[in-house]
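Please read the structure below before turning to the comments.
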Amino acid sequence: MTALTDLLGIRHPIVCAPMAGVAGGRLAHAVSAAGGLGMIGARGSASPEWIAEQAALAGVGGTPFGIALMAWVPQLSTQLDAIVALAGEQRPTLVSVSFGDLTEPVTRLREAGLRTACQVGNAADLELALAAGADLVVARGGEGGGHGRDELGTEAMLDLALSTADRPVLVAGGVSTADDVARALGQGAAGVWCGTPFLTCVEADNTPQARAALIAADDTRYSRVHDVAQDLAWPREFGGRAVATPFVRQWTGDEDAMTADAKGEHAAGRERGDTDYTPLYAGVGVDRLTAETDAASVVRALVDGI
Ligand SMILES: Cc1cc2nc3c(=O)[nH]c(=O)nc-3n(C[C@H](O)[C@H](O)[C@H](O)COP(=O)(O)O)c2cc1C
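Mapped onto the working numbering, the consecutive letters of the sequence shown carry residue numbers 6 to 311.
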C-alpha cells in the first residue's frame, strides 16, 4: 500500500514510535499484531539483557517489531552489540538511531544486515541520516512528544524531507487522527510514526496513574526541565515536550537557574509517585487522549477510512 508497508511487510503504514519507559516489548508486540509496526524504546541505560528480554516479548510467534537507540548515550556501543546479536524471532525488522552522531551506529547496523531509520529534526540531521545510509527517514517536528528538536514544525520538516530524500519518509509529531494520517500519505509520506496516541494503551509500561494524568492533561511545554531536574546528560539541543505541570511551567525557559531545592522537590515528588513531577512526555496530541485504550483500537482508529 505504501513504500513502508512494502519494505517492512506490514499491513498498515503506522509505526508506534519508540518511547523509553512506555513502549516495551508488550506494546510493540500488540501494535505489530494489529498490523502496524511497534518499536521498543530503549532507555539510555538499557542493558543488553533488557534488550534481549523485550525483543523476546515483542517477537513472539515471529511478529515483526523494531528497536530504537539514542545516538548520544555512552552505552550506545554495548546496546548496538546486543541488537546485532539478536537472532531468529528476536531479530528486529527495523532499528532506529536518533539524537546525535548517526554515522557510526547506522553503518554498524547496516553492516549487520539490519534495516535502519533515523528521526531528523532539521536540515543537518537529514543530511547526516541520508549520508549514513538510513533506509527510512522520520521527519519529526517540534509538536512531537518526548525528546527531539523544536526548530521546525511537523509540516515544514515533512516538506523538507520529501523534497530532499531519495528514500521513504515517515512523519512524526502531532499525528493523532485518521485525517492526519490520510493528509500525511497524501503529501507523499510513506507512513506515520506516532507516539502520543499510544500513551494510554494498557499494554504500555507506564503506570495507570501516569495514564490517568495524561488523560486529564491538555497542554504541553517544550523544555529541558525534567533533564535538568534529574541531572541527565541529554545534549542541550534535544529538549523534550512534556505535559505542562506546574513545575514544568515554572522552570521552562529558566532551566539553567534551577536551584538545588527545586531539584530536591522534583526528586521527592517522583519518589512518592506524584504525577506533577513524573516526566510525562507527550506531544500536542495529548488533548485527544480521553480514556485508557489498547493498541489494536489505536491502530484501527488511525487507519479508519484510509
Ligand atoms: C513518552 C515518550 C518517550 C519517547 N522516547 C523516545 C525514545 O526512547 N527514543 C526515540 O527515538 N524517541 C522517543 N520519543 C519520541 C518519539 O519517537 C516520537 O518522535 C514522538 O512520539 C512523535 O510525536 P507524537 O508523540 O506527537 O506522536 C518519545 C516520545 C514520547 C512521547
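No residue lacks a Cβ here, since even glycine has one placed at the ideal position from N, Cα and C.
Starting from residue i, follow the beta strand (DSSP E) in both directions and report where the run begins and ends.
i	result
residue 152	151–153
residue 228	225–228
residue 20	19–21
residue 238	Element bounds for residue 238: n/a, residue is neither H nor E.
In terms of residues, what are the limits of the alpha helix (DSSP H) holding residue i?
i	result
residue 99	Element bounds for residue 99: not the alpha helix (DSSP H) but the beta strand (DSSP E), 99–103.
residue 214	213–221
residue 192	183–192
residue 30	30–38
residue 162	159–169
residue 112	108–116
residue 148	It is not in any alpha helix (DSSP H) - residue 148 carries neither H nor E in the DSSP assignment.
residue 293	Here residue 293 belongs to no alpha helix (DSSP H), and DSSP marks it neither H nor E.
residue 13	8–13
residue 270	265–276
residue 262	Per DSSP, residue 262 belongs to no alpha helix (DSSP H) and is neither H nor E.
residue 58	53–63
Which partner residues does residue i have in the DSSP bridge list?
i	result
residue 77	Partner(s): none; residue 77 has no beta bridge.
residue 124	143
residue 282	Looking at the DSSP assignment, residue 282 forms no beta bridge with any residue, so it has no partner.
residue 198	20, 177
residue 72	45, 100
residue 247	226, 286
residue 298	206
For the putative contact between residue i and residue j, defined by C-beta atoms under 8 Å, what is the C-beta separation to the nearest angstrom?
i	j	result
residue 158	residue 288	That belief does not hold up - the Cβ atoms of residue 158 and residue 288 are roughly 12 Å apart, past 8 Å.
residue 313	residue 35	For the chain, the structure presents residues 6 to 311; residue 313 sits outside this window and is missing.
residue 303	residue 203	6 Å
residue 200	residue 22	4 Å
residue 186	residue 311	6 Å
residue 86	residue 53	7 Å
residue 222	residue 253	Incorrect: roughly 11 Å between the Cβ atoms, too far for contact.
residue 234	residue 280	Not confirmed; about 15 Å, so no contact.
residue 72	residue 47	6 Å
residue 45	residue 30	6 Å
residue 41	residue 17	5 Å
residue 112	residue 139	So it is not a contact: roughly 10 Å between Cβ atoms.
residue 4	residue 250	Past the boundaries of the shown model lies residue 4; the chain is included only from 6 to 311, so the question cannot be answered.
residue 98	residue 9	The pair is not a contact, with the Cβ atoms about 11 Å apart (cut-off 8 Å).
residue 151	residue 246	7 Å
residue 136	residue 166	With a Cβ gap of about 14 Å, residue 136 and residue 166 do not count as contacting.
Is there at least one Cβ from chain D nearer than 9 Å to residue i's Cβ?
i	result
residue 124	In the structure shown, chain D does not exist; there is a single protein chain.
Next on the checklist: Using a Cβ distance threshold of 8 Å, determine whether the stretch 65–80 contacts the stretch 98–108, with at least three qualifying pairs required.
Outcome noted: Yes: at least three Cβ pairs fall under 8 Å.
Checklist entry - Three or more C-beta pairs closer than 8 Å, one from the stretch 159–173 and one from the stretch 192–202: is that the case here? => result Taking a contact to require three or more Cβ pairs closer than 8 Å, the stretch 159–173 and the stretch 192–202 qualify as touching.
Next on the checklist: Below 8 Å, how does it come out for the stretch 231–244 and the stretch 51–64: are there three or more Cβ pairs, yes or no?
Outcome noted: Cβ pair count under 8 Å is below three, so no.
Checklist entry - Is it a yes or a no for the stretch 88–97 touching the stretch 254–264, going by three-plus beta-carbon pairs under 8 Å? => result Counting Cβ pairs under 8 Å, fewer than three are found: no touch.
Next on the checklist: Within 8 Å, do at least three Cβ pairs link the stretch 277–287 to the stretch 176–194?
Outcome noted: The stretch 176–194, when compared against the stretch 277–287, does not touch it at the 8 Å Cβ threshold.
Item to check | Segment contact flag, the stretch 202–217 with the stretch 24–32, C-beta cutoff 8 Å, min 3 pairs | outcome: Yes, they touch.
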